[in-house]
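Residue numbers (our numbering): 25 to 83.
Glycine included, each C-beta is placed from N, C-alpha and C at the ideal position.
Since the structure comes first, as structure tokens, the remarks are kept for the end.
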Amino acid sequence: MDEFPEMNWSEVARAAIRQKIADLKFLRAFKAESEITPEDAERLGRELSQKVVERLGLE
Numbered sequence: 025m026d027e028f029p030e031m032n033w034s035e036v037a038r039a040a041i042r043q044k045i046a047d048l049k050f051l052r053a054f055k056a057e058s059e060i061t062p063e064d065a066e067r068l069g070r071e072l073s074q075k076v077v078e079r080l081g082l083e
């Protein structure tokens, strides 16, 4: 931060906090309308991870 004294770091922090709050509100609303179970989420996460591994050729 000392390297860039011209930056308004307080405003940068406020903007980051506002964005995080907006993200959390979105996730809360999304979750409230979701009918997915924790088991479904785990399964989908594993499937997605496997697809990424395959696409990137990491296996």
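Would you report the Cα separation of residue i and residue j, rounded to the nearest angstrom?
{"i": "R42", "j": "A53", "result": "17 angstroms"}
{"i": "P29", "j": "V76", "result": "41 angstroms"}
{"i": "E83", "j": "G69", "result": "17 angstroms"}
{"i": "N32", "j": "A40", "result": "13 angstroms"}
{"i": "S34", "j": "E78", "result": "43 angstroms"}
{"i": "E57", "j": "R38", "result": "29 angstroms"}
{"i": "D64", "j": "Q74", "result": "15 angstroms"}
At what residues does the alpha helix (DSSP H) containing residue i begin and finish?
{"i": "S34", "result": "W33 to E57"}
{"i": "L68", "result": "P62 to L80"}
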